[in-house]
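Trainee: Questions regarding the structure given below will be posed in turn.
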Amino acid sequence: MASPAAPAMAGRRVLLVDDDSHLVRNYRWCLEDAGFQVSSAGDAAQALRLAERQVFDVCFLDWRIGEDDGLELLPRLLAAAPGMRVVMATGEGAVERAVQAIQHGARDYLVKPVTPEQLVLAARRQAEARALELRVEVLESQAGEPEADGDLASQSKAMASLVATARQVADTDATVLIL
2 MASPAAPAMA GRRVLLVDDD SHLVRNYRWC LEDAGFQVSS AGDAAQALRL
52 AERQVFDVCF LDWRIGEDDG LELLPRLLAA APGMRVVMAT GEGAVERAVQ
102 AIQHGARDYL VKPVTPEQLV LAARRQAEAR ALELRVEVLE SQAGEPEADG
152 DLASQSKAMA SLVATARQVA DTDATVLIL
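Put into structure tokens, the structure is as follows:
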């Protein structure tokens, strides 16, 4: 049964990159139950192929993926999917490792074993942050330059004359009183 917050995450896509099939299965169940769409990769090459072909909001990336190094894969994943937010999830709890991951572009760092609550919370936080980033991009693209008369446009000749006069003095220190 999906959690009450599941509809908010509907359509949010998560990529799991880990060579432990049992862990991936458990992560998938937790995340799908929370409303996420989940794909997984068991090695670096497969992860890159998926990131190049699909859009993911969040990626959970293990430090070691078989013979592959997750830290080396991280910048390549971000290059393939620039907007994707990556969370390193690994059994390596050293602070230095977390710092390295963040320096390479990870947005969060989880130490295994990860509880279902920690996993879902991390996924929600990153998906919400990604949604906000996308919203900002849309608003910035819509902002553009204001129209010539902006909100002051009028079909009235008197009002158009008044706006023209106000624009003439707008760049000066003069004070204009409109009654």
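Take the sequence shown: its position 26, counted from the start at 1, is 27 in my numbering, and no numbers get skipped.
Even for Gly, the Cβ is constructed at its ideal location relative to N, Cα and C.
Compare the Cα-Cα distances from Leu78 to each of Thr116, Ala167, Leu17 and report the closest residue.
Mentor: Taking the sequence shown and counting its residues from 1, the one referred to as residue 78 is at position 77. The candidate whose alpha carbon is nearest that of Leu78 is Leu17.
Trainee: Looking only at its chain, what residues have a beta carbon closer than 6 Å to the beta carbon of Ala102, apart from the 5 residues adjacent to it on each side?
Mentor: For the purposes of this step, residue 102 is taken as the residue at position 101 of the sequence shown. So the qualifying residues of the chain are Met89, Tyr110.
Trainee: Measuring straight from C-alpha to C-alpha, what distance separates Ser12 and Arg126?
Mentor: Locating residue 12 in the sequence shown gives position 11, counting from the first residue. Locating residue 126 in the sequence shown gives position 125, counting from the first residue. Note that residue 12 is Gly in the sequence shown here, rather than Ser. Answer to the nearest angstrom: the Cα atoms are 15 Å apart.
Trainee: What are the residues that DSSP puts in a beta bridge with Tyr28?
Mentor: As a position in the sequence shown, residue 28 is number 27, starting the count at 1. Per DSSP, none; premise fails for Tyr28.
Trainee: Between Arg86 and Arg131, how many whole angstroms is the CB-CB distance? I'm expecting something under 8 Å.
Mentor: By 1-based counting over the sequence shown, the position of residue 86 is 85. By 1-based counting over the sequence shown, the position of residue 131 is 130. At roughly 5 Å, the Cβ-Cβ gap stays under 8 Å, so Arg86 and Arg131 are in contact.
Trainee: How should Ala107 be labelled, buried or exposed, when 16 other C-beta atoms within 10 angstroms of its C-beta is the threshold for buried?
Mentor: Against the sequence shown, residue 107 aligns to sequence position 106. Answer is buried; the Cβ neighbour count reaches 16.
Trainee: Can you pull the DSSP bridge partners for Ser22?
Mentor: Translated into positions along the sequence shown, residue 22 becomes position 21. In the DSSP output, where bridge partners are listed per residue, Ser22 has none listed.
Trainee: Report the three-state DSSP secondary structure of Gln119 (helix, strand or coil).
Mentor: Here residue 119 refers to the residue found at position 118 of the sequence shown. The answer is helix: DSSP assigns Gln119 an H, G or I state.
Trainee: Taking only the alpha-carbon atoms, compute the straight-line gap between Phe37 and Arg98 and give it to the nearest angstrom.
Mentor: Position 36 of the sequence shown, counted from the first residue, corresponds to residue 37. Position 97 of the sequence shown, counted from the first residue, corresponds to residue 98. When rounded, the distance between both Cα atoms is 28 Å.
Trainee: Could you tell me which residues DSSP pairs with Met85 in its beta bridges?
Mentor: To locate residue 85, count along the sequence shown from 1; it is residue 84. Looking at the DSSP assignment, Met85 forms no beta bridge with any residue, so it has no partner.
Trainee: With which residues is Gln38 paired in a DSSP beta bridge?
Mentor: Taking the sequence shown and counting its residues from 1, the one referred to as residue 38 is at position 37. DSSP, once it has assigned bridges, lists Arg14 as partnering Gln38.
Trainee: Where does Arg50 sit, in a helix, a strand or coil, going by DSSP?
Mentor: What you label residue 50 is simply residue 49 of the sequence shown in a count that begins at 1. The answer is helix: DSSP assigns Arg50 an H, G or I state.
Trainee: Check whether the Cβ atoms of Ala52 and Ala80 lie closer than 7 Å to each other.
Mentor: Here residue 52 is taken as the residue at index 51 of the sequence shown, counted from 1. Here residue 80 is taken as the residue at index 79 of the sequence shown, counted from 1. Cβ atoms of Ala52 and Ala80: not closer than 7 Å.
Trainee: Can you tell me the Cα-Cα spacing of Ser41 and Glu138, whole angstroms?
Mentor: Taking the sequence shown and counting its residues from 1, one reaches residue 41 at position 40. Taking the sequence shown and counting its residues from 1, one reaches residue 138 at position 137. Answer to the nearest angstrom: the Cα atoms are 28 Å apart.
Trainee: Would a C-beta distance cut-off of 7 Å place Asp44 and Gly67 closer than the cut-off?
Mentor: Numbered from 1 along the sequence shown, position 43 holds the residue referred to as residue 44. Numbered from 1 along the sequence shown, position 66 holds the residue referred to as residue 67. Closer than 7 Å, so yes.
Trainee: Please tell me whether Cys188 and Leu120 are closer than 7 Å, where the distance is taken between their beta carbons.
Mentor: Here the chain has residues from 2 to 180 only, and residue 188 is not among them.
Trainee: Tell me where the beta strand (DSSP E) around Val177 begins and ends.
Mentor: What you label residue 177 is simply residue 176 of the sequence shown in a count that begins at 1. Where Val177 is concerned, there is no enclosing beta strand (DSSP E), given that its DSSP letter is neither H nor E.
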